[in-house]
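Here the structure comes first, spelled out in structure tokens, and everything after it is commentary.
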Amino acid sequence: MMNFAFVIHPLDVGLVSVAFKEPNLLHKKNSLVKKAFEWLPSFKCSHITGIKSKQGITVEGDLMYVSLLPEQIITMDEKFVLSRVIDAGKIAQENGAGILGLGAYAAQVGKKGVLIARNLGIPVTTGTHYTIYMAIQSVLVAAHKMDIDVKSSTVAVVGATGGIGRLCTEYFADKCRRLLLVARNMTKLESLTKKIPNAQIQTDVKKAMDEADICVMSTTTPEPLVDVEDLRPGSLVCDISRPRNVSMKNPRRRSDVLVIDGGIVQPPGENVDFNFYFGLQRGLAYACMAETIILAMEGRKENYSIGGDVSLKKVLEIGRLGEKHGFKLARIMSFDSEVSASAFRRLKPTKLTA
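For the record, in the sequence shown the residue sitting at position 39 is 742 according to my numbering, with numbers rising by one throughout.
Given below as structure tokens:
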């Protein structure tokens, strides 16, 4: 049996206050909170139990905590941030982990895991391939429930030049009527269209959202890019990014659109418990976490998803392995709440004729 470990970090101060039962944290000066986070060393925050493959394989793991917010990971000295993630990996290795997964912005550290793997004696994965697989599954299931015909729809991929976005683009290239590639870097967008000549490019996120029936969002921007008010009626948005790209200040004020949480997975086992609150309901996992667990079940001691080197072949492979072990797409979730059958019935897409 090969056990695993997974590195997480706080997406916002509110999440920390809930996870560590410290409500007063919300009333502290943001600068003081950030400074305290800088001082905290990496540590093990929980032991994960109850995961059992339908093949009969049982694995356990540890959640490793790096107390840096997304904006700190992006703006602080790279060597300092890298050292904190490596420290978490070394603790995990000492505790017996056979593979280390990197979550959220930790997956961007050290050349997307490459430098972390070089400093550890165990393989590393960012979970990118399974994240892509489950995001696509989420879109297809939700679109079906909303009576959206993907083949006749306009699909926008925001963050199209990133690893996740690029493969989502590749997947939908021949499966939709019109494909919009959205990113800030025009040069990279133009390079991408050489591989997908029928795609159109756009740097204005809000304009793209106004044209799209379906949108997949995957960026490393720490702040929301759009508000639900920017979405066109009847549209479906899969927000893979953490922190979210779509503002959740008041998601219920738009009952005519659906923003789903991309890549939420139900691991196999009767009593799966991560024993720590990281933003999801008990027993659920992000797809990047699930990839780490799947590789542990398979005994795959390899750096599966690091360095931005992603392929559709691996997306399909990890998807097949997930099904083999009993991993399932969780209920379709929107801002951490289940989307009801009545909500799906209420949502009717408005098609563009252009």
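Where is the CB? At the ideal position from N, CA and C, for every residue including glycine.
Check                                                                                                                      : Outcome
Three-state class that DSSP yields for S1045 in the structure shown                                                        : helix
Sequence-distant residues of its chain with Cβ nearer than 6 Å to V812 (five each side left out)                           : V784, L785 and V788
Rounded C-alpha distance that separates T1056 from V861                                                                    : Residue confidence is low: T1056 scores 44 on pLDDT, short of 50, so the model does not pin down where it sits. Its coordinate-derived value is still stated next. When rounded, the distance between both Cα atoms is 22 Å.
Of the residues K738, I751, N706 and A722, the one placed nearest D976, counting alpha carbons only                        : I751
Pairwise C-alpha distance: T761 and G986                                                                                   : 15 Å
As assigned by DSSP and simplified to three states, the class of T864                                                      : coil
Distance CB(S856)-CB(G965) smaller than 8 Å                                                                                : no
Inter-residue Cα distance where the pair is E1005 and T829                                                                 : 12 Å
Alpha carbon of Q758 to alpha carbon of E994, nearest angstrom                                                             : 16 Å
Through-space distance from D790 to A1046, alpha-carbon basis                                                              : 45 Å
M704 classed as buried or exposed, judged by whether at least 16 other C-beta atoms fall within 10 angstroms               : exposed
From L961, I904, S756 and L772, residue whose alpha carbon lies closest to that of A739                                    : L772
Beta strand (DSSP E) segment containing M920, residue limits                                                               : I917 to M920
Inside the stretch 729 to 768 only - beta strand (DSSP E) runs reaching at least 3 residues                                : 746 to 755 and 761 to 768
Of the listed residues L843, I963 and G799, nearest to G764 (C-alpha basis)                                                : G799
Candidates Y874, A795, L1024 and T864: closest to N822 by CA position                                                      : A795
I904 (DSSP reduced to helix, strand or coil)                                                                               : strand
Beta carbon of I917 nearer than 8 Å to that of I851                                                                        : yes
Per-residue burial, K755 [other beta carbons within 10 Å of its own, 16 or more giving buried]                             : buried
Backbone CA spacing between D715 and V968 [nearest angstrom]                                                               : 22 Å
DSSP beta-bridge partners of V858                                                                                          : L882 and I917
Terminal residues of the alpha helix (DSSP H) in which A999 lies                                                           : A990 to E1001
Simplified DSSP state of S1040, which is helix, strand or coil                                                             : strand
Sub-8 Å separation of I777 and P925 beta-carbons                                                                           : yes
Beta-carbon contacts of L883 that lie in its chain and below 8 Å, excluding the five residues immediately before and after : T857, V858, A859, V860, A902, Q903, I904, Q905, A911, E914 and A915
Per-residue DSSP class, three states only, for F723                                                                        : coil
Given 8 Å, three or more beta-carbon pairs between the stretch 830 to 849 and the stretch 1021 to 1037                     : yes
Euclidean distance between Cα positions of K793 and L805                                                                   : 13 Å
Proximity below 8 Å, CB of I825 to CB of G801                                                                              : yes
Within 8 Å, strictly: CB atoms of V931 and S958                                                                            : no
Residue from G865, G1010, G937 and V908 with nearest C-alpha to E895                                                       : Reading off the sequence, residue 895 comes out as Leu, not Glu. For L895, the nearest C-alpha among the options comes from G865.
Residue-level contact to chain D via CB, M1000, 8 Å cutoff                                                                 : Among the chains of the structure shown, chain D does not appear; only one protein chain is present.
For L1024, the first and last residue of its enclosing alpha helix (DSSP H)                                                : L1015 to H1028
L714, DSSP secondary structure in three states                                                                             : coil
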